[in-house]
Amino acid sequence: MAEDFFQGYWGASLEVLKKYNCRVWSQAECQTTGGLFKGTILPRAAFQDDQHIVMKVNTGYNIGVDISTITSMVETDYKKANYHIPEKEFPYTEGLPHVKLLGTGGTIASRLDYRTGAVIPAFSPGELYGAVPELADICNLETEKVFAVFSENMSPKEYIALAKKIGEEIQNGIEGIVIGHGTDTLAHTAAALTFMCQNLPVPIVLVGSQRSSDRPSSDAALNLMHAMTAAGHGDVAEVMVCMFGPTSDEYGFLHRGTRVRKMHSSYRSTFRTIGDTPVATVDRKRGVVPIKEEYNHRRHDRDVKIIPTFDDRVAILYYYPGMKPDVLDALVDNGYKGIIWDGTGLGHVNKGMFDAIQRATDKGVHQYMCVQTIWGYAHMFVYDTGRDLMNRGIIPAGNMLAETAYIKLGWALGQTHDREEVKKIMLTPINSEITPREPYNGYLVYQGGVPEVDEFVRKVHK
Ligand code: ASP
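Residue numbering for the sequence shown follows our numbering, starting at 813 and increasing by one per position.
The structure is reproduced here in structure tokens:
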């Protein structure tokens, strides 16, 4: 078959490529009214529009160049790229721990198929070994693709399936589990698994990547190596998120599943423990170095407790000035049973909401207050507003993160609707979702790559 030099291009964009004699996979310089772009011309998926030419520019980013802005194009070189990850047999090494990688999707599990434009999973042990051969020095790996979704499509149904899977793997003797997951809702899944999988004998490490493995600045390989190290060799047997620590690639942080948040839409060092310190650092030289003195240690028994419940009639209401009560009424009238309020300051909403809040409580809706400030506690005794809200049934949720509170309330309502029982479950921490105090300087420190953090980590590592 003749080679297709214009894969996926059609209509006007094909005309432009032909006019300037530039082929897919060529190195090109594209002069536009917005500046000069240098890079590789990538194929397009056939279903995409005919108004753009896609280039991988030299920084590694893929950009779509609007053809109406192109004033000239020159092909400077041509080299067909090979994006196939070589499949190599993952070697078995006596004495290394057995780790299971459960794939759910997201950037970490994917590479772009430039022919179809689809993001396809790269998750067989052979492919992973081909891409990151260092993994074979860390563990004996088995992989299983449980889902192949971007993490915005994860939901309670998937949390339950994952929790059951974790239970089975532990009973079968696995020594650590890594879960590959999209970063957007990684923290929600980590919270769900913390509540659903208790009394863990081995580490459960969720890992993602902010940049896909076809980009030079990808964090996928390092995050995977750190996660496998933590799962196979670490002593912390909790549900954790493992991602870049500082902006450099010096070490990763292990964050507790209930206290972690994605804090930047594109930085690799996006995950931060909120209201506490991370549990540990991890790097390939020192392995897992605990920061917290108290944590759940690895054990040999298999006595894990799986509680796979969830009532999805729960919502988060992020308060904004001018919010009207019909927003809450609509949820109540649609049968919602739990509301997590994300209030201002110490946990407030406006007076206009009061009647609707009372009505929700009278209808048996469970309402908890978290704070939009992210750091700090809902303290509802300080101002009249807080007291008025508590009198109408809202319960302060301490320093629980709103996303964690949402997951916990759904999980609790999956077990009981008894008001006191639910309250007891909500306010009794399972793993630090409410802490007695926050580190006094934690708000400033632990943001990665700044002198305070470097100094702090040096102390931990010595
Ligand atoms: N939207 C993607 C996801 O969360 C981003 C990522 O994988 O990091 O699945």
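Built from N, CA and C at the ideal position, the CB exists for glycine as well.
What you are looking at is a predicted structure, and each value in this text was computed from that prediction instead of being measured.
Looking at residue j and residue i, is the spacing between their C-beta atoms short of 8 Å?
i	j	result
Tyr-1132	Leu-1158	no
His-993	Gly-918	yes
Pro-1120	Lys-976	yes
Arg-1110	Val-1091	no
Ala-1190	Val-1183	yes
Ala-1042	Val-1094	yes
Asp-996	Ser-967	no
Gly-1044	Glu-987	yes
Using only CA atoms, which one of the options lies nearest to residue i?
i	options	result
Phe-1166	Val-1139, Gly-1188, Tyr-1148, Val-990	Val-1139
Met-1037	Ser-1077, Ala-1190, Ile-1206, Val-944	Val-944
Tyr-1218	Pro-937, Trp-1153, Pro-855, Ala-921	Trp-1153
His-1160	Asp-1141, Gly-1147, Gly-1176, Met-1181	Met-1181
Gly-1210	Ile-1169, Glu-964, Gly-1087, Arg-1204	Gly-1087
Ile-1134	Lys-1163, Glu-1062, Leu-1034, Tyr-1148	Here the sequence assigns Gly to residue 1134, which means Ile is not the residue at that position. The shortest Cα separation from Gly-1134 among Lys-1163, Glu-1062, Leu-1034, Tyr-1148 belongs to Lys-1163.
Glu-1062	Gly-1044, Met-1075, Lys-1097	Lys-1097
Ile-989	Arg-1071, Ser-1244, Gly-1046, Arg-856	Gly-1046
Asp-949	Leu-908, Ile-986, Glu-980, Gly-985	Leu-908
Tyr-941	Ala-1033, Lys-900, Glu-981	Lys-900
For residue i, which residues of its own chain have a beta-carbon under 6 Å away from its beta-carbon, when the five flanking residues on both sides are left out?
i	result
Gly-1150	Val-1126, His-1178, Leu-1221, Leu-1225
Arg-1080	Gln-1022, Asp-1031, Phe-1056
Asp-1266	none
Glu-954	Lys-912
Gln-843	Thr-883, Ser-884
Pro-937	Phe-902, Leu-953, Thr-955
Thr-1085	His-1067, Arg-1071, Val-1072
Val-1051	Ala-1002, Leu-1005, Thr-1006, Ile-1016, Gly-1069
Gly-1205	Thr-1173, Gln-1179
Asp-1141	Ala-1168
Tyr-832	Met-885
In terms of residue numbering, what span does the alpha helix (DSSP H) encompassing residue i cover?
i	result
Met-1202	1196-1203
Tyr-971	968-983
Thr-1085	Taken as a continuous stretch (DSSP letters only), Thr-1085 belongs to no alpha helix (DSSP H), being part of the beta strand (DSSP E) at 1083-1085.
Trp-1187	Careful: Trp-1187 lies outside any alpha helix (DSSP H) and carries neither H nor E.
Glu-827	823-831
Arg-1171	1166-1174
Trp-1153	From DSSP, Trp-1153 is part of no alpha helix (DSSP H) but of the beta strand (DSSP E) over 1150-1155.
By Cβ distance below 7 Å, which residues in the same chain neighbour residue i in space, the five residues on each side in sequence not counted?
i	result
Ser-825	Asp-862, Gln-863, His-864, Ile-865, Ile-879
Asn-1011	Asp-1115, Val-1116, Lys-1117
Arg-1199	Met-1192, Phe-1193
Glu-1215	Ala-999, His-1000, Ala-1003
Phe-817	Arg-835, Val-836
Lys-850	Glu-841, Val-869, Asn-870
Thr-845	Thr-881, Thr-883
Should residue i be listed as close to the ligand ATP, given that the test is whether its C-beta is under 7 Å from any heavy atom?
i	result
Ser-1244	No copy of the ligand ATP occurs in the structure displayed; its ligands are the ligand ASP alone.
Taking only the alpha-carbon atoms, compute the straight-line gap between residue i and residue j and give it to the nearest angstrom.
i	j	result
Leu-974	Thr-1185	31 Å
Gly-915	Glu-939	13 Å
Glu-956	Arg-1073	26 Å
Leu-1018	Lys-1271	26 Å
Pro-1015	Lys-1274	24 Å
Ile-920	Ser-1077	15 Å
Gly-1048	His-1112	The sequence as given places Val at residue 1048; Gly does not occur at that position. Rounded to the nearest angstrom, the two C-alpha atoms are 13 Å apart.
Val-1039	Cys-1054	Before going further, note that residue 1039 is Ala rather than Val in the sequence given. Their backbone Cα atoms lie some 6 Å apart in a straight line.
Ala-930	Gly-1020	For Ala-930, the predicted model reports a pLDDT of 46, less than 50, meaning its position is unreliable; a value from the coordinates is still stated below. Straight-line Cα distance between these residues: approximately 19 Å.
Tyr-904	Ala-960	26 Å
Arg-1155	Tyr-1130	Looking at the sequence itself, residue 1155 is Gly, so the reference to Arg does not match. Taking the straight line from one Cα to the other gives about 7 Å.
Gln-1227	Phe-1122	8 Å
Val-828	Asn-965	37 Å
Asn-1108	Ile-978	17 Å
Glu-1232	Gly-1176	12 Å
Cys-951	His-910	6 Å
Arg-1071	Gly-1188	12 Å
Asn-1243	Leu-1213	13 Å
Leu-848	Gln-839	13 Å
Tyr-926	Pro-855	At Tyr-926, the pLDDT of 47 sits below 50, so the modelled position is not reliable and the matter cannot be decided from this model.
Lys-1136	Met-1075	29 Å
Cys-1009	Lys-1236	19 Å
Gly-820	Asn-1035	33 Å
Val-1101	Lys-830	57 Å
Gln-860	Gly-876	11 Å
Asp-1124	Phe-1083	26 Å
Name the two residues that bound the continuous beta strand (DSSP E) containing residue i.
i	result
Lys-850	847-853
Leu-953	952-957
His-910	910-915
Leu-1018	1016-1019
Excluding the 5 residues flanking residue i on each side, which residues of the same chain have their C-beta closer than 8 Å to its C-beta?
i	result
Leu-1239	Ile-1207, Ala-1209, Gly-1210, Ile-1246
Give a yes or no on whether 8 Å exceeds the smallest Cβ distance from residue i to chain D.
i	result
Glu-939	In the structure shown, chain D does not exist; there is a single protein chain.
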